[in-house]
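This report concerns only the one structure given below.
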Amino acid sequence: MIRANVLPALCVVLSLVAATAHAQQPQMGPLVVNVDGGFASQAEADFKDGEGGFSVNRWFLSAGLDYVWDRRNSLGVSFGAGESRYDFSGLGASGGQAPWETVEDQRLSVIGRFGFGETGSVIIIPSYRYAGEKDSDAGDARTWGLLAGAAWRISEDLTIGPGFGVMSEIEDSSRVFPILVINWNITERLNLSTGRGLSASQGPGLTLSYQLNPHWSLGLTGRYEDVRFRLDEVGPVPAGVGRNRSLPLVLSASWKPMPKIGLSLFAGAGFAGELELQDPDGVTLEKSDYKTAPLLGFTFDARF
């Protein structure tokens, strides 16, 4: 069994579809303030190949300011911070030590959206992120990234285009991955879109949603998670690196009492989870799979 592991830090992140969707809605003025947040609880998940398991509670809050020239052009900045508190249990009679207790997540992003031609738009989101235990070296826990995409409004019901992400990784080479930018009204009530993230992933997933009425909708969101963070200087592997990979799938119920305010409750599970522990140079020391991990929580967003 792996003795020190890394788990995903759930949070609310910027996604390409958010900017695409905002481009299709009337703006309230040249300056728009937005606030997003969320909380998620992962119930006990056992390790497949040994003793013990873990649970985790997470929260995240972000605020941003956008300057909107018109419906197709805007530039904004967003700052977010969160925390993940872990509880390990049953790590064995040999005195297995909990690998960590609290992990912090901070990020700063710039969001640019610019129209071109009659139907095209470009979305660019460079970002800075700190992810590490409370007493980890800040300089060793920093990463940089870029999400970008181009989309065309093919019809009143379909906006689609390609995108990509480039993310630096702690003690590893950068990752490049593709993104599908899509906002498709399949019917008057059914929509497929690039999904807003519930976690600290390196790119958005896909959401299939059904509009029950003007205020309520149901959704199914899936994504691929690959999260790394820096360990502190006093744990089992001082200044090491933790990594978690999984496939979260959640069902959500969303309520919008007003067009600019929303609340979502979600429940689901993380599948195919794998935890990895690396030394400070990024060399793998241990790996372990964990069983399906139940998830439950909520997110909210507001714009003024």
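Residue numbers (numbering that gives the first Met the number 0): 0 to 303.
Cβ coordinates follow ideal geometry from the N, Cα and C atoms, glycine included.
Computed from a predicted model, the values in this text were never measured in an experiment.
Problem - Short Cβ contact (9 angstroms threshold) for Gly150 with Ile185 - result: The question names Gly, but residue 150 in the sequence shown is Ala. Contact: no.
Exercise for the section: Compute the distance between the beta-carbons of Ser88 and Gly52, then report whether it is under 9 angstroms. Expected result: yes
Handout entry: DSSP-derived helix/strand/coil call for Ala97
Key = Three-state result, Ala97: coil.
Exercise for the section: Measure from the alpha carbon of Thr298 to the alpha carbon of each residue in Val55, Ala97 and Ala39, then state which is nearest. Expected result: Ala39
Exercise for the section: Could you work out which residue in Phe115, Val226, Asp136 and Leu248 is closest to Arg71 when comparing CA atoms only? Expected result: Phe115
Handout entry: Validate contact between the stretch 289–303 and the stretch 249–262 using beta carbons, cut 8 angstroms, 3 pairs
Key = yes
Practice task
With distances taken Cα to Cα, identify the nearest neighbour of Ala62 among Asp69, Asp35 and Leu284.
Solution key: Taking Ala62 as reference, the option from Asp69, Asp35 and Leu284 with the minimal CA-CA separation is Asp35.
Handout entry: For Gly49, three-class secondary structure by DSSP
Key = coil
Exercise for the section: Quick one: residues in its chain with C-beta nearer than 7 angstroms to the C-beta of Ser216, no 5 flanking neighbours on either side, listed in chain order? Expected result: Annotation for Ser216: Ser208, Tyr209, Gln210 and Ser253 place their beta carbon closer than 7 angstroms to its own, counting only its chain and skipping 5 residues before and after.
Handout entry: Asp139 - DSSP class collapsed to helix/strand/coil
Key = Three-state result, Asp139: helix.
Problem - Arg222 - DSSP class collapsed to helix/strand/coil - result: In the structure shown, Arg222 sits in coil (DSSP, three-state: anything other than H, G, I, E or B).
Problem - Trp99 burial status per 10 Å Cβ neighbour count (16 or more: buried) - result: So Trp99 ends up on the buried side.
Practice task
Measure the Cβ-Cβ separation of Arg242 and Leu276 and say whether it is below 9 angstroms.
Solution key: yes
Practice task
Output the distance between the C-alpha atoms of Ala22 and Pro247, rounded to the nearest integer angstrom.
Solution key: Note that Ala22 has pLDDT 40, beneath the 50 cutoff, so the model's placement of it is unreliable and the number below is only indicative. The alpha-carbon atoms of Ala22 and Pro247 are separated by roughly 28 angstroms.
Practice task
Check whether the Cβ atoms of Gly75 and Leu64 lie closer than 9 angstroms to each other.
Solution key: For Gly75 and Leu64, yes; Cβs fall inside 9 angstroms.
Problem - For Arg70, the three-state DSSP class (helix, strand or coil) - result: coil
Exercise for the section: Pick out the complete alpha helix (DSSP H) segments inside the stretch 101–158, 4 residues or longer, and give them in chain order. Expected result: none
Problem - Pair within 9 angstroms by beta-carbon distance, Pro29 and Val67 - result: yes
Handout entry: Coarse secondary structure for Ala20, derived from DSSP in three states
Key = Its pLDDT being 44, under 50, Ala20 is placed unreliably by the model, and the measurement read from it follows with that caveat. Ala20 falls in the helix class under three-state DSSP.
Problem - Host beta strand (DSSP E) of Thr298 (start-end) - result: Ala292 to Arg302
Practice task
Closer than 7 angstroms by C-beta to Ala92: which residues in its own chain qualify, once you throw out the five before and the five after it? Chain order, please.
Solution key: Its pLDDT being 48, under 50, Ala92 is placed unreliably by the model, and the measurement read from it follows with that caveat. Annotation for Ala92: no residue places its beta carbon closer than 7 angstroms to its own, counting only its chain and skipping 5 residues before and after.
Handout entry: Straight-line gap, Met257 to Pro213 (C-alpha atoms, nearest Å)
Key = 9 angstroms
Exercise for the section: Starting from Arg242, trace the beta strand (DSSP E) both ways and give me its first and last residue. Expected result: Note, Arg242: beta strand (DSSP E), Val240 to Met257.
Problem - Glu170 vs Asp231 beta-carbon contact at 9 angstroms - result: no
Practice task
Might you give, ordered along the chain, the residues of its own chain that have their beta carbon closer than 6 angstroms to the beta carbon of Phe228, omitting 5 neighbours on each side?
Solution key: When the five nearest sequence neighbours on each side are left out, the beta carbons in the same chain lying within less than 6 angstroms of the beta carbon of Phe228 are those of Val102, Ala130, Gly131 and Gly241, in order along the chain.
Problem - Residue environment, Thr206, which counts as buried when at least 16 other CB atoms sit within 10 Å - result: Flag for Thr206 reads buried.
Practice task
Just confirm the distance between the C-beta atoms of Leu294 and Gly267, as a whole number of angstroms; I'd bet it's less than 8 angstroms.
Solution key: The beta-carbon distance between Leu294 and Gly267, rounded to whole angstroms, is 5 angstroms. This is short enough to meet the 8 angstroms contact definition.
Exercise for the section: With a cut-off of 8 angstroms on the beta carbons, I'd call Gly162 and Ala147 a contact; round off their distance for me. Expected result: 6 angstroms
Problem - Per DSSP, cross-strand counterpart(s) of Leu64 - result: In the DSSP secondary-structure assignment, Leu64 is bridged to Val32 and Val76.
Practice task
Report the rounded CA-to-CA distance for Gly296 versus Gly37, giving the unit in angstroms.
Solution key: 7 angstroms
Exercise for the section: Please classify Gln105: is it buried, with 16 or more other beta-carbons within 10 angstroms of its beta-carbon, or exposed? Expected result: buried
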